[in-house]
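These notes concern the structure reproduced below.
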Amino acid sequence: MGAVVGLVIVAVVVVLVLSLGVRLVQQYQRGIVFRFGRVLERIRQPGLQLIIPIADRMVRVSMQTTVIGVPPQGAITRDNVTLTVDAVVYYRVVDPVKALVNVHDYPSAVLQVAQTALRSVIGRADLDTVLGDRERVNAELKSVIDAPTEKPWGLLIERVEVKDVSLPEGMKRSMSRQAEAERERRARVIAADGEFQASRRLADASRAMEATPGAYQLRLLQTVVDVAAEKNSTLVMPFPVELLRFFDQLAPHTAGAGRPATPAAPDPEPVTEQVATTAEQGDDGSAAPAR
Numbered sequence: 001m002g003a004v005v006g007l008v009i010v011a012v013v014v015v016l017v018l019s020l021g022v023r024l025v026q027q028y029q030r031g032i033v034f035r036f037g038r039v040l041e042r043i044r045q046p047g048l049q050l051i052i053p054i055a056d057r058m059v060r061v062s063m064q065t066t067v068i069g070v071p072p073q074g075a076i077t078r079d080n081v082t083l084t085v086d087a088v089v090y091y092r093v094v095d096p097v098k099a100l101v102n103v104h105d106y107p108s109a110v111l112q113v114a115q116t117a118l119r120s121v122i123g124r125a126d127l128d129t130v131l132g133d134r135e136r137v138n139a140e141l142k143s144v145i146d147a148p149t150e151k152p153w154g155l156l157i158e159r160v161e162v163k164d165v166s167l168p169e170g171m172k173r174s175m176s177r178q179a180e181a182e183r184e185r186r187a188r189v190i191a192a193d194g195e196f197q198a199s200r201r202l203a204d205a206s207r208a209m210e211a212t213p214g215a216y217q218l219r220l221l222q223t224v225v226d227v228a229a230e231k232n233s234t235l236v237m238p239f240p241v242e243l244l245r246f247f248d249q250l251a252p253h254t255a256g257a258g259r260p261a262t263p264a265a266p267d268p269e270p271v272t273e274q275v276a277t278t279a280e281q282g283d284d285g286s287a288a289p290a291r
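Here the sequence shown is numbered in the UniProt record's numbering, starting from 1 and rising by one per residue.
Here it is as structure tokens:
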């Protein structure tokens with residue numbers, strides 16, 4: 001009976017030791033073992049791992065990509081525009097020993113570095129770059145956040161993206177007016193270009209019709225047909241331009257044939273000495289005083 005009790009006690013102790021010395025590491029995790037407070041060099045891979053009870057302590061580190069959202073940060077751009085920008089950071093652990101030993105609470109540390117880097121990068125860029133060149137801003141943010149976290153902390157920043165950029169209401173109205181003016185300018189340029197091309201085509205058509213006089217009459221009849229198709233009560237008949245040119249050429253010859261000839265004015269007679277003397281005297285025959 002005593003032997004059976006002893007065997008039962010031994011079995012319970014073995015089971016207890018195994019339960020304290022066996023650890024399960026998931027596929028997405030790595031195990032870091034601390035033996036009496038010191039880190040062992042060997043990193044435990046996924047699966048069942050044995051440790052020495054009481055002497056060893058295992059910490060599991062997730063190797064999955066972690067996503068953290070950066071809260072909205074107020075920043076002033078290089079051209080003195082106040083913005084509110086938020087972002088998202090994707091990172092993962094590449095060296096679990098450094099992530100545990102070199103930094104305390106690395107998710108919070110990455111968040112603080114991301115906030116500081118976001119304000120710094122936005123302050124070095126102008127408004128047009130932040131709004132129109134997001135890829136450049138994201139790349140610069142990634143390099144700034146990755147510099148202090150990869151080698152010392154064992155973290156790899158995979159992606160950094162700016163999610164939203166909030167502008168003041170006054171700046172939104174100014175940008176709206178600017179965009180409207182730009183669209184109006186483009187519309188005017190396109191309309192002017194169309195008028196120019198149309199004038200070129202009309203000039204070519206005019207030269208082609210000038211070589212064929214009958215083309216003017218055909219074009220006139222086509223215009224009459226187009227106007228009549230509108231079902232208007234008034235029909236406008238254009239006057240042929242050739243007829244006007246005929247009357248214009250005929251007018252000088254008609255005026256020269258029917259108008260009487262105007263007599264030529266006689267040449268002025270020479271002034272005699274007597275007329276000159278009379279002009280120098282006054283009405284009473286006395287000489288005019290010298291002036």
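Don't be surprised by glycine CBs; every beta carbon is placed ideally from N, CA and C.
Inset, instruction - State the Cα-Cα distance for the pair A215 and L202, rounded to the nearest angstrom. - result: 14 Å
Legend entry - 8 Å contact criterion, which P96 and G154 should meet: CB distance rounded: 7 Å
Legend entry - Close beta carbons around R92, own chain, < 8 Å, minus the five adjacent residues each side: M63, Q64, T65, T66, L155, L156 and E158
Inset, instruction - Evaluate R30 with the Cβ neighbour count: other Cβ atoms within 10 Å of its Cβ, from every protein chain shown; 16 or more gives buried, anything less gives exposed. - result: buried
Inset, instruction - For K142, count neighbouring C-beta atoms within 10 Å of its own C-beta (all shown protein chains included) and say buried if the count is 16 or more, exposed if not. - result: buried
Legend entry - Secondary structure, alpha helix (DSSP H): runs of 4+ residues fully inside the UniProt domain "Band 7" (20–179): 96–101, 106–124, 127–132 and 134–146
Legend entry - Under the three-state DSSP convention, the category V17 falls into: helix
Inset, instruction - Determine, using beta carbons only, whether A87 and L118 come nearer to each other than 8 Å. - result: yes
Legend entry - Stretch pair the region 42–61 + the region 122–140: three plus CB contacts closer than 8 Å: no
Inset, instruction - Decide if V160 is buried, meaning its Cβ has at least 16 other Cβ atoms within 10 Å, or exposed. - result: buried
Legend entry - Distance, N80 Cα to V59 Cα: 48 Å
Inset, instruction - Just the C-alpha distance for V121 and G170, rounded to the nearest angstrom, thanks. - result: 24 Å
Inset, instruction - Using three-state DSSP, classify M1 as helix, strand or coil. - result: coil
Inset, instruction - Using three-state DSSP, classify V203 as helix, strand or coil. - result: In the sequence as displayed, the identity of residue 203 is Ala instead of Val. Helix.
Inset, instruction - Give a yes or no on whether the C-beta atoms belonging to M209 and R200 are separated by under 8 Å. - result: no
Inset, instruction - Using a threshold of 8 Å, state whether the C-beta atoms of L24 and V33 are closer than that. - result: no
Inset, instruction - Give the range of the alpha helix (DSSP H) segment to which T223 is assigned. - result: G214 to A228
Legend entry - Buried or exposed (CB count within 10 angstroms, at least 16 for buried), V137: buried
Legend entry - Best match in Q49, R245 and V61 for proximity to V101 [C-alpha to C-alpha]: V61
Legend entry - Close beta carbons around E269, own chain, < 8 Å, minus the five adjacent residues each side: Reliability of the predicted coordinates at E269 is poor, the pLDDT of 47 falling under 50, and no value is obtained from them.
Inset, instruction - Kindly indicate which residue of L20, S174 and A109 has the alpha-carbon position closest to the one of E150. - result: A109
Legend entry - Rounded C-alpha distance that separates A205 from L250: 28 Å
Inset, instruction - To the nearest angstrom, report how far apart A75 and V130 are at their CA atoms. - result: 12 Å
Legend entry - Cβ neighbour criterion (16 or more within 10 Å) applied to A114: buried
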